[in-house]
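As numbered in the numbering used here, the sequence shown has no gaps in its residue numbers, which increase by one up to the final residue, 386. Ideal placement from N, C-alpha and C gives every residue a C-beta, glycine not left out. For clarity, every value in this text was computed on a predicted model and none was experimentally measured.
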Amino acid sequence: MQNAIDAISSGLGEENFEKCTFSSPVNKSQELKSIVLNAVNNPREVKVEFRLQKHSDITTVLKKDFIEKDLSKFLEQFKQCLVKTQLAETQILINKKLNAKIITNTAQKPESTKKHNREKQYLIPDGEICPFLIEIGVMDKNANVKPTQYKKFRQINRFLELVDDIYKNQEMKEFHAVDFGCGKSYLTFALYHYFKNIKKVNVKITGIDLKQEVINHCNEIAKNISFDQLHFAHGFIHDFKTDDPVDFVVTLHACDTATDDAILFSLRNHAKQMMFVPCCQHELNKQLQNDDSNILLKHGIFRDRMTALVTDTMRAQLLEVCGYKVQSMEFISLEHTAKNILLRCSKVSRDAKQTHLLLKNYQDFKKQWSINPYLEKQLLLEHFIN
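This is the structure in structure tokens:
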């Protein structure tokens, strides 16, 4: 089998590596049905997808060196492996004696696609003066995006695309949003810019964070660029209150149950839209029982990924029960962070029968894992669910 390991390692080591897929499980009843390795921007890493039979897939980013140590284990579990580079495809077939048959086909060299590329039309274009991007150091004074800031520039525009998808066809005179855990507030400034300068509405946004020096800095920037209704305050999510109607709540990478506190704030204030990128799901990780027979929970990194998926699945379902349509999507590509699941929630009308079915589905899912999340306990306590 060493020749198969060498062939896979060789493919992974190529600069033009594209994809490697392990398929056809030796044990057809095993939970893991395939493993897919995809190239990412960092040549030393790959995006790894563990595709499962009964549960949501697990996706993470790992070093190639780390993966290469486990190639023999992968080959013991799967009968086939396909390695793709831009120049070749290598198929590896493993028999019962763990002997490998290797078939390599040279791929036709792809033609240059530059002539087909079109410049992406961003809501904030490169080359167009944008005061807040200049102030936070993403653009220079000539409106050119700095070479080291392109990832952040694309992230900001991606966020605005997700917002614009909700609001582009909506007529409004006023807009009030709260950004919990705003940090350096690149996206808070972008949100204010979108509603003030693109949508042309009367906008008010409050950013909340625990770092006082960051709050002071952001308030200074807002003052410098005349974002008069953009304010930043120091404090905890669960302590923040407002008398103004709230249209939109955003929370990106709030740790552990802080995301749940933001959800509870949104429900109390009847927010029409919410957007969350949860982070650091410690609460349910502590509740999951150690079970050596459950291979997903045996390894720390898989346990963390599974806990995050279970937590976010339960959050999404509870929000559906509370009257929101929930969409899950990628926000930041895995090359930047593994915390990339975004939940976008919109208030909708549902009858009692639909709500009852959604709650039953939630309870059935909860029984599978024998866990009791903080969010559910708070929703029951405040009578958002029965």
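Contact between Glu45 and Lys63 holds: CB atoms are separated by about 6 Å, below the 8 Å threshold. In the DSSP assignment, Gln273 falls within the beta strand (DSSP E) that extends over Gln273 to Cys279. Scanning its chain for C-beta atoms nearer than 6 Å, with the 5 sequence neighbours on each side dropped, one finds around Asn38 the residues Lys19 and Lys47, in chain order. Taking C-beta atoms under 8 Å as the contact rule, Arg315 and Leu381 fail to qualify, at a distance of about 17 Å. In terms of CA proximity to Met275, Asp164 leads the group Phe365, Met139 and Asp164. A distance below 8 Å between beta-carbons, with the five flanking residues on each side excluded, links Tyr324 to the following residues of its chain, in chain order: Met274, Cys345, Ser346, Lys347 and Val348.
The C-beta separation of Ala190 from Phe153 comes to about 10 Å, leaving the pair out of contact by the 8 Å criterion. Counting other Cβ atoms within 10 Å of its Cβ, Ile129 stays below 16 and is therefore classed as exposed. Taken in chain order, the whole alpha helix (DSSP H) runs of length 4 or more contained in the segment 99-187 are 131-135 and 150-167. Taking the C-beta atoms as reference points, Gly11 is found nearer than 7 Å to Val83. Cα atoms of Asn105 and Trp369: separation of roughly 45 Å, rounded to the nearest angstrom. In this structure, the CA atom of Ile385 is about 15 Å from the CA atom of His270.
Counted as a single uninterrupted DSSP element, the beta strand (DSSP E) harbouring Ile58 occupies residues Ile58 to Lys63. DSSP places Phe195 outside any alpha helix (DSSP H), giving it a letter other than H or E. Separation of Arg305 and Phe74 (C-alpha to C-alpha, rounded to the nearest whole angstrom) is 19 Å. Pairwise C-beta distances place the segment 77-92 in contact with the segment 20-33, as three or more of them are shorter than 8 Å.
Residue environment: Gln378 is assigned as buried (16 or more neighbouring CB atoms within 10 Å of its CB, all protein chains considered).
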